[in-house]
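These notes are about the structure you will find just below.
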Amino acid sequence: MTSADTSPASPVTAPDAATRLSDILWRRPRLLIALLIGPPLAWLGIVYLGALFALLAQSFFSIDEFSGQIRYELTLSTYAELFRAYNLDIILRTVAMAASVTVAAAIVAFPIAYYAARYATGRWKAIFYLGIMLPLWSSYLVKVYAWKLILAKEGILGWLFETLHLTWLLEAYLAIPGIGGNSLSVSWTGTFLVFLYVWLPFMILPVQAALERVPPSMLEASGDLGARPGQTLRHVLIPLALPGIIAGSIFTFSLTLGDYIVPQIVGTSARMIGQAVYQYQGTAGNIPLAAAFAVVPILIMAVYLWIAKRKGAFDAL
Amino acid sequence: MKKMLRGATAMTLALSVAQAALAQEMMTEIGEGEGELRIVAWPGYIERGETDENFDWVTGFEEATGCMVRVQTANTSDEMVALMNEGGFDLVTASGDASLRMVAGDRVQPINIGLIPSWNMIDDRLKQAPWHYVDGTHYGVPYMWGPNVLMYSTEVFPEAPTSWSVVFEPQDLPDGQPNEGRVQAYDGPIHIADAALYLMTHQPDLGIESPYELNQEQYDAALDLLRQQRTLVSRYWHDAFIQIDDFQNEGMAASGSWPFQVNLLQGGGAPVASTIPEEGATGWADTTMMHSEADHPNCAYMWMEHTLTSNLMSDLSVWFGANPAVPDACTDGRGMQTAEGCTTNGFDDFERIRFWQTPVTQCDSQEQCVPYYRWVSDYIGVIGGR
Amino acid sequence: MTAAVEFRRVERHYGEVRAVDGVDLSIAQGEFFAMLGPSGSGKTTCLRLIAGFERPTGGEVAIMGAPMGDVPPYRRPVNTVFQDYALFPHLNVRDNVAYGLMIAGQGRAPRRRAADEALEMVALPGYGARKPSELSGGQRQRVALARALVMQPKVLLLDEPLGALDLKLREAMQEELKALQRRLGITFVFVTHDQGEALSMADRVAVFNDGRIVQAGTPEDIYYRPEAPFVADFVGSSNLLPPEVTRRLGLGDGPAALRPEAVRLVSEGGHAARVTGLAFLGTATRLSLDLDGHRMTALIPRGADMPAEGSDVRIGWAPDDLHLMKVSA
């Protein structure tokens, strides 16, 4: 106990500068934290929030109907423009697409994520991660163009249906108004499939992380209490994976809301929000309307998260 | 490929608009090259032998001046304006529907034609064209012009269609199949002018004088025609290469197009050809314009001179299927173009072509016209099924 | 009466690893049965074979006389209290307890009532609305117990249920569990690696090692009459005398077990030993001894004269206390 007092050489030697700095930080842990998170916070605050507010501010200006110049007076008329039929179409169309892509991604991702979380080990797990991440490594544009070739009238899928003598089935499907079209690549179904493909990894990874945190005993306990696997899925597994599904859906939903390249290459040419922002911004400088359009996904995501929270999606966190 | 829209863009834009209010001074002499030149151009406009080694009008310029050329392509006039608004470029090959917007927005600076020795070689029809010559001031050097042709599949049409009706009106094409789903239209608001041009012939009582100057009634008629077209079009073309792909893989029969796509498709052996139907055609006349805050003005002037004197005009007119702004380029053998080639490209059809302009409220032909700003949102509505 | 649980030559092999290797076992109805053994001895696997989480690779498990070969866990008349409790974090305590009833299709009101009763039984009345994360370890353990008991199983399986609790709580829970089992008359199958827990609670104990049952019997049998050195060694800190020592001392011809508390200091006779260490334990003192080159321990009650460390002593024991084993496993 008293060895420090009696030892002949004091263990406390004169500190050099680096040691002194370490000492100060050791004594004041909050200073250390401030130093660590200060720069990224400043970056976020200035660059992100600053840009966001600049955007918000723009959306409260309006464009002069005749000259096409921006009028720098606060007004809500630009937001009123969002409710014109053709603009409302764009919003509803985009939200419907984002919602269906998200639901489909959750359904497709869940079994894959479940397999990876529960059964894949060692080499298979590595292959799983590679398989999920590989599409993310290649250029987004390359993937979308590749899908255009797959979905084209004379493309790979068309050929496949023809080889299987199922062309009638494809034609019957494409004849359905709304989701059909002249070919898959010019239909909403095509846009949907490409979105589903490009955003799927963003759903699989968080769901897989959530499922990995569910102890196996939780599922055994459910079965032990009489629940068939389907009931366990509904009452235990999905509620526990919900934070992961919500996290994934934030990605798939918001990425679809904002995308403007996929619907331009694959689909019916009818605009989605991202394209509208792009076009209004680049044309006659209607920045206020572009800004108002850009605010829409932010609001939708805020409402979505609020509902998710109210529904208890984060209770298992 | 395309710049992401960020919130920051809005802010930058607001600031740069304010700066641009400062009056522009014309350059009075050309100094040393700055070693670099950045150009916003249509796809296929600036070739350095990478797509096809026979088509190169950049390497020689770089060797002669030391100005290394960097190209940013844009697919629509709107993208060009957006890129120029963002800044960082020296030159742009602007069409008539973009040029006046950029002049009005002070995005481009006046050109001192005294610094361009070969100015007099330019086609007299273009020297003072209204899309770059404003209030006695030159805002650019004419570059290329050409028609928006009707491209068609020779498998579907044994003979060239004579009217744009194949892309506007529901009908059975010569192969017995309906045109529904097999035609395309340009994904830019300027396509409203194509509809107006069609109406000039088919509904003369509307009294349309220029497809770019439409009063409300004329405009509504054009939109109605476009709504009818929406039921025929499965996808609007936006990117030249996507249209090429669609003619190869989607079984397309006809579409308004550029000679560029026609040439590339024909070069690839695809069964397509093009024509200018009886109604005439809209067209583009592009001008090399200089950014008001160009970082490399000396190189920019050297490039403008280069466009007039080198093989550029001649070879580009072959490559793009367009017409040079310098008539000599058709005949003097500086490149591959010949007099016959120019005739094929419509060199003598200048009067039949309605060149792209930006529709403005104060128009020449009548009291008040629907401005471009409305064209944009209404065309979005038409494509969206409204 | 049919056995509550019966194992007939049950095997569970994972490739080369024989987790359970030919176990025969019969647990009577209403019995408090403990499965004792070190980790990896196969006791937990046996429990999981009863619950149905594992399927035997050989032999047969029967519950209440019915073979369970193709019966999935959700159709077995048993319930489990898990080592980590496995409470559902997204449900409150009442819904956790009522989960099985909800699955069984019971109405909202009756299952609430049943859950509240079960919570009362485990001394947690009024805790229904809380989330499991708001409870202490002991409380969670009781909730897990209530959740299983509310299903009125024929057999209750407990997988090291007290392992995560601190000593005092563990002792209290031992008594409560035992009382509960007496009151309800349900068969309890209890897995533990704590020999004290097994001996104090169970009617019968099976000692597992390397996937086999080494000895099954009453706590007294296990404690005083171990049939194998492994049992003697694992159950309590018994002195195990190897055959060469028993032969040299003229005690017998095989290994022998001698409880530390059976060892006494004697003034004459007995065997010479040297004290190598002393540890004061309160009611007794533990002596470490060197008996003819063999290390052993003795527990000497308070009050006796304590020899000093390093001194030579003589030790003896009642002949009955030395338990000679037949097998030399």
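Note that the protein sequences, when read in sequence, are chains H, F and G.
Using my numbering, the first residue of the first sequence is number 347, and each one after it goes up by one.
Using my numbering, the first residue of the second sequence is number 2, and each one after it goes up by one.
Using my numbering, the first residue of the third sequence is number 1259, and each one after it goes up by one.
Glycine included, every Cβ here is placed at the ideal spot set by N, Cα and C.
In this text, all values refer to a predicted model and were calculated from it rather than measured experimentally.
Chain G contact for residue i (CB, 8 Å cutoff)
| i | result |
| --- | --- |
| L586/H | yes |
| D570/H | yes |
| V441/H | no |
Residue i versus residue j - alpha carbon distance
| i | j | result |
| --- | --- | --- |
| E48/F | M291/F | 19 Å |
| N1354/G | V553/H | 24 Å |
| D1511/G | A1556/G | 23 Å |
| S154/F | Q178/F | 13 Å |
| V1380/G | I584/H | 30 Å |
| C1304/G | F541/H | 49 Å |
| S1496/G | D1579/G | 11 Å |
| S275/F | A452/H | 48 Å |
| M201/F | A444/H | 42 Å |
| Y394/H | I383/H | 16 Å |
| W357/F | K657/H | 55 Å |
| F456/H | L603/H | 22 Å |
| I596/H | T578/H | 25 Å |
| Y380/F | A197/F | 13 Å |
| F399/H | G391/H | 11 Å |
| Q172/F | E181/F | 8 Å |
| D98/F | L539/H | 36 Å |
| A1456/G | V1493/G | 9 Å |
| L651/H | S446/H | 17 Å |
Below-8 Å beta-carbon distance, residue i vs any chain H residue
| i | result |
| --- | --- |
| A254/F | no |
| S119/F | no |
| A22/F | Note that A22/F scores a pLDDT of 38, beneath 50, so its modelled location is shaky and nothing firm can be said. |
| A326/F | no |
| Y237/F | yes |
| N149/F | no |
| H1348/G | yes |
Residues near residue i by beta carbon distance below 6 Å, same chain, minus five either side
| i | result |
| --- | --- |
| R1405/G | N1354 and V1355 |
| H139/F | I112 and I114 |
| D1468/G | none |
| R1334/G | G1310 |
Option in the options with minimal Cα separation from residue i
| i | options | result |
| --- | --- | --- |
| E64/F | E37/F, I381/F and R108/F | E37/F |
| M1431/G | A1464/G, V1413/G and G1395/G | G1395/G |
| A587/H | Y394/H, W534/H, V560/H and F599/H | V560/H |
| I436/H | S615/H, Y650/H and R656/H | S615/H |
| A1515/G | L1420/G, G1327/G, H1581/G and Y1357/G | H1581/G |
| A1531/G | R1428/G, D1550/G, E1289/G and R1544/G | D1550/G |
| G336/F | T345/F, S318/F, F351/F and D350/F | S318/F |
| I490/H | A636/H, A637/H, F474/H and I607/H | Checking the displayed sequence, the identity of residue 490/H turns out to be Val instead of Ile. Of the candidates A636/H, A637/H, F474/H and I607/H, the one whose C-alpha sits nearest the C-alpha of V490/H is I607/H. |
Neighbour-count burial assignment, residue i, 16 or more Cβ in a 10 Å radius
| i | result |
| --- | --- |
| A1537/G | exposed |
| Q217/F | exposed |
| N121/F | exposed |
| S378/F | buried |
| S1525/G | exposed |
| A1376/G | buried |
| T74/F | buried |
Any non-hydrogen atom of the ligand ATP closer than 7 Å to residue i Cβ
| i | result |
| --- | --- |
| Y153/F | The ligand ATP is not among the ligands present in this structure, which contains no ligands whatsoever. |
Same chain only: Cβ atoms within 8 Å of residue i, ignoring 5 sequence neighbours per side
| i | result |
| --- | --- |
| P1325/G | E1318 and V1319 |
| H581/H | S568 and A573 |
| T1504/G | G1510, D1511, G1512, P1513, A1514 and L1582 |
| R355/F | A194, L198, S211, P212, Y213, G281, A282, T283 and G284 |
| A22/F | Residue placement at A22/F is flagged as unreliable, the pLDDT there being 38, under the threshold of 50; the coordinate-derived value follows with that caveat. So the list reads D107, once near-sequence residues are dropped. |
| A24/F | Per-residue confidence for A24/F stands at a pLDDT of 41, beneath the threshold of 50, marking its modelled position as unreliable; no derived number is given. |
Own chain residues within Cβ distance below 7 Å of residue i, not counting five before or after
| i | result |
| --- | --- |
| T332/F | A340 |
| R228/F | V383 |
Within-8 Å CB hit, residue i to chain F
| i | result |
| --- | --- |
| E500/H | yes |
| L495/H | yes |
| G527/H | yes |
Beta-carbon neighbours of residue i, restricted to chain A and to distances below 9 Å
| i | result |
| --- | --- |
| Q577/H | This model lacks chain A altogether; the protein chains it does include are H, F and G. |
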